[in-house]
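Numbering (the numbering used here) for the sequence shown: 494 to 627. A quick write-up on the structure given underneath.
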Amino acid sequence: MFVDGAGVHAADTATGDRVWDQPFADTRTQAAVVGDVVVVLGGRQLTGLDVATGRPMWNASVDLEIPYAVLAAGDVAVAAAEDGVVAVVADTGVVLWELNRGVAEPPVIVDDSILLAHSDDHRTIALYLVRPVE
């Protein structure tokens with residue numbers, strides 16, 4: 494699985510042959526694979542794709558301009574950007590929460606959780622630990 498400026502692409506791990514391509518405008522971050530769903534951020538949309546076919550399963554509008562990453566914590570996908578963070582249930586695209594503060598650095602995966610640092614004027618002022626939905 495890889496992402497470039499044209500979209501998301503899946504390849505057969507044994508042969509390297511392309512399995513599917515899904516065009517997306519303005520994709521700049523890697524995709525997160527959560528179970529049978531590939532979650533990608535592009536064009537102010539979080540989109541869930543079927544991992545086997547690349548077909549869109551859901552879309553969620555988000556207000557994120559300068560994305561850092563989309564990561565997985567259990568069954569949750571978290572999109573982090575310079576101007577905010579959004580968490581969705583990966584299977585459905587239901588938005589769990591939004592944080593209208595940017596993160597200082599790309600998120601870090603710790604076990605089955607995601608650690609986010611928020612800063613203001615180059616000082617870290619808050620740490621957030623995102624855990625899977627229980």
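Every residue gets a Cβ at the ideal spot worked out from N, C-alpha and C, and that includes glycine.
Straight-line measurement puts the Cα of G509 at about 24 Å from the Cα of V563. When A566, M494, A610, T522 are compared, the shortest CA-CA separation from L557 is found for T522. The C-beta distance from P600 to L609 rounds to 5 Å, short enough to meet the 8 Å contact threshold.
Pairing M550 with A524 gives a Cβ-Cβ distance that is not under 9 Å. Counted as a single uninterrupted DSSP element, the beta strand (DSSP E) harbouring L564 occupies residues 560–566. If you draw a straight line from the Cα of Y561 to the Cα of D543, it is about 23 Å long. Straight across, the Cα-Cα distance linking N593 with V501 is about 27 Å. Short of 8 Å from the beta carbon of G547, and not among the five residues preceding or following it, lie these beta carbons of its own chain, in chain order: V501, A503, V512, W513, D514, Q515, V531. Scanning the region 507–582 from its first residue to its last, no whole alpha helix (DSSP H) run of 4-plus residues comes out.
Spanning the alpha carbons of D568 and A574 requires a straight line of approximately 20 Å.
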